[in-house]
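Asks: I'd like to ask some things about the structure below.
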Ligand code: BGC
């Protein structure tokens, strides 16, 4: 029996829209031929229950001039309003965060700009002064006293505040399988930045890891839509509702809406061609979860999705985002993306045409971000009758609601009496804990932990004694390649090992020759390989293999006959299959942040027992970049045995203790209705000699379905500390409407009777849905 359960997000938006579509003269034609959503009906449907806020919005809109309204829809980069801007000169951007009142004044008086963005890591005091000057000047200039809102990319902790706490990147967070960490990161980011006027956070990234060729892979919460939805929405709820930042509030941004992360040939911002079914199955759930969690803003995918640049897609930005997902907040463009509609995508003849297309598709605010040309084109388009006042008012109402709900009107100015929160030791302790639980022990042939008996350790490799590779892109600068700007007290792997192994000789070897010489008498050689920081398009690579020079270094270490431990410090997996067998142990440290070196050293020494599990399939070969949730037909069993897809599969990782799974039982083996439940339980015993945390991952596979299903799909996880000899019972409740449905190409959820396989650890069982 096949039953259609409900539209992707339960709702009747499309129905009401159909009834009102005759009123709608100002929407762009939809390529998907769904009824249009009327601007008036959207405006009414989005009104909140807060009558005072809604009245204020109506009052302001009633008084604002067209120019003032367009200004609210414009976001300008701070380089346009500071005294010294050096954006774009290489990767080490230098900028003085000091308001240039002449530049700012001209912009505010003529264009009434409502939002600014961006930054680099400067001290809290500098940010405070900058934002105070900016907001005070704005309030003095603004006829209606509408505050500006400032947006910043704090992607893994407050990465644009000097001395702040820097967490691991999201790919690592996902590998912890511990929901405490997205909450910790959100809280620390909030308390270290909200006072500075950073009330619009361009995070979390909710794009799904699909191909490691894509340079922004490390910004994702890995391959599982369930993990991205779960951790992403925890981050959103925590940061948007943090009582410790009162009187301020922060708005998060779900980005980049949507399906940005699977460019066909791996290039950042390259076209994505995926089936509509895969869009609903993989790319939408994390955004849906964030919207359900109340996220206030979304940032749009810069790319082209199935032939349609998303910034010009009425289908994506209105039908899906507003109609299906019921998003009521602000949709901001990504960087220069209106301009890109004509310059890169060539779906518009010029910037004015691009502006028209983007607004009609559903854009509320343009991150222009360097010029005010957008304002001029908008004014012309309205005056020519191409864009209606009502359409403008819809976006302006969303932007004003955001500002009012954040309390910007009551508390527009920053404060400087809580700077002791920035980089506070308890915050750094949270980042260290996150790093410790985010590093995957991929392989260990008895060499680890290297305890105090390791008296002579050789450390080599390009990432061994540098700070910048540990935190990757979006740290201090967009893409910092200057070691001198990192905190003086930040450790490298080399200096962290010196601290960790106090009684041992730790020597650094730079070349294969030095490795050979220093290996005599060494207990082990630790090779730290990986990548230097990159961001966005700079992360595009020609070859996913570990670079030849690094492979040679590992081979030189192996040739000494000493045990070799490989530590991968990189934002994605680099293929290492050829050197893997010759390594006694391998760690995937990912991008563990400022506390990462200590976490690596503690795992190597054994002070910390590793507990991370892969948040992606670590590829076995360059032509096998296959995520864990692929279809059965992707790979025939025979091939898989001969040549596996994953060197280390998603959801696996070693510990210094051993866990035994047993006794998987179900409360029932048949579900007789869609509201019935089965409770599955499994016992996990620590059979080793030290305590350890185990993340228990529950996977389902739908054995026969009308649409081919992934070989496995993570549905639930939980992590607990288990002492030696202790057994713990873990359970998971299966509810048909929550875990057994899947989307068709229209985004409708299907529920089909039949057998399902449940997998946890090495245990497997089946149950049936039979209605
Ligand atoms: C990136 C976004 C970022 C924005 C503002 C863009 O180039 O794609 O992720 O939020 O710049 O810095």
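Residue numbers (the numbering used here): 8 to 778.
Note that CB positions come from ideal geometry on N, CA and C, so glycine has one too.
Can you tell me whether residue 720 is helix, strand or coil according to DSSP?
Replies: strand
Asks: Would the beta-carbon of residue 592 fall within 8 Å of that of residue 603?
Replies: With a cutoff of 8 Å on beta-carbon distance, residue 592 and residue 603 are scored as not near each other.
Asks: Over the uninterrupted alpha helix (DSSP H) stretch that includes residue 389, give me the two end residues.
Replies: Counted as a single uninterrupted DSSP element, the alpha helix (DSSP H) harbouring residue 389 occupies residues 380–390.
Asks: Go to residue 488, then tell me how far its alpha helix (DSSP H) extends in each direction, as first and last residue.
Replies: Boundaries for residue 488: no alpha helix (DSSP H) harbours it, and the DSSP string shows neither H nor E there.
Asks: In terms of residues, what are the limits of the beta strand (DSSP E) holding residue 773?
Replies: 770–776
Asks: Just the Cα atoms here: how many angstroms apart are residue 609 and residue 213?
Replies: The straight-line gap from Cα to Cα measures roughly 31 Å.
Asks: Taking only the alpha-carbon atoms, compute the straight-line gap between residue 733 and residue 699 and give it to the nearest angstrom.
Replies: 11 Å
Asks: For residue 194, which of helix, strand or coil comes out of DSSP?
Replies: helix
Asks: Looking at the unbroken beta strand (DSSP E) that takes in residue 816, where does it start and where does it end?
Replies: With the chain covering 8 to 778 only, the question about residue 816 has no answer from this structure.
Asks: Provide the residue(s) that pair with residue 708 in DSSP beta bridges, ordered along the chain.
Replies: 764
Asks: Residue 765: buried (16+ other C-beta within 10 angstroms of its C-beta) or exposed?
Replies: By the Cβ-count criterion, residue 765 is buried, with 16 or more other Cβ atoms from all chains shown falling within 10 Å of its own Cβ.
Asks: Heavy atom of the ligand BGC less than 7 Å from the Cβ of residue 263, yes or no?
Replies: yes
Asks: Classify residue 570: buried if its beta carbon has 16 or more other beta carbons within 10 angstroms, exposed otherwise.
Replies: That one is buried.
Asks: Measuring straight from C-alpha to C-alpha, what distance separates residue 668 and residue 737?
Replies: 10 Å
Asks: Between the Cα of residue 500 and the Cα atoms of 192, 176 and 468, which residue gives the shortest distance?
Replies: From the listed residues 192, 176 and 468, the smallest Cα separation to residue 500 is found for 468.
Asks: Is residue 367 near the ligand BGC, with its Cβ less than 7 Å from a heavy atom?
Replies: no
Asks: Output needed for residue 18: all residues of its chain with C-beta closer than 8 Å, excluding positions within five of it in sequence on either side, in chain order.
Replies: Confidence at residue 18 is low in this model, with a pLDDT of 34, below 50, so its placement is unreliable and no value can be given for it.
Asks: Relative to the C-alpha of residue 785, which residue among 339, 358 and 385 is closest?
Replies: There is simply no residue 785 to check, as the chain begins at 8 and stops at 778 in what is shown.
Asks: Could you compute how far the alpha carbon of residue 561 sits from the alpha carbon of residue 538?
Replies: 15 Å
Asks: Would you mind listing the alpha helix (DSSP H) stretches within the region 495–565 that are 4+ residues and don't spill past its ends, in chain order?
Replies: The region 495–565 contains these whole alpha helix (DSSP H) runs: 500–507 and 519–526.
Asks: Residue 262: buried (16+ other C-beta within 10 angstroms of its C-beta) or exposed?
Replies: buried
Asks: For the ligand BGC, which residues have a Cβ under 5 Å from at least one heavy atom, in chain order?
Replies: 160, 209, 341 and 342
Asks: Check residue 699 in the structure and name its three-state DSSP category.
Replies: strand
Asks: Starting from residue 135 and walking both ways along the alpha helix (DSSP H), at which residues does that stretch end?
Replies: 131–148
Asks: I'd like to confirm the pairing. Which residues does DSSP put opposite residue 450 in its beta bridges?
Replies: 593
Asks: Kindly identify the DSSP beta-bridge partner or partners of residue 157.
Replies: Looking at the DSSP assignment, residue 157 forms a beta bridge with 123.
Asks: Just curious, the beta strand (DSSP E) that residue 759 is in, first and last residue?
Replies: Here the beta strand (DSSP E) through residue 759 covers 756–759.
Asks: If we count the other Cβ atoms within 10 Å of its Cβ and call it buried at 16 or more, is residue 556 buried or exposed?
Replies: It counts as exposed.
Asks: Is it the case that the region 735–752 contacts the region 665–683, given that we only count it when at least three CB pairs across the two stretches are under 8 Å?
Replies: yes
Asks: Of all the alpha helix (DSSP H) runs that stay within the bounds of the region 395–422, which reach a length of 4 or more residues?
Replies: 396–412
Asks: Quick one: does residue 725 have its CB under 8 Å from some CB of chain C?
Replies: The structure shown contains no chain C; it is built from a single protein chain.
Asks: Over what stretch of residues does the alpha helix (DSSP H) that includes residue 46 continue unbroken?
Replies: 46–52
Asks: Looking at the unbroken alpha helix (DSSP H) that takes in residue 748, where does it start and where does it end?
Replies: Per DSSP, residue 748 belongs to no alpha helix (DSSP H) and is neither H nor E.
Asks: For residue 317, which of helix, strand or coil comes out of DSSP?
Replies: DSSP places residue 317 in helix when its eight states are reduced to three.
Asks: Just to confirm the assignment, what range does the alpha helix (DSSP H) spanning residue 180 have?
Replies: Segment 177–183, the alpha helix (DSSP H) holding residue 180.
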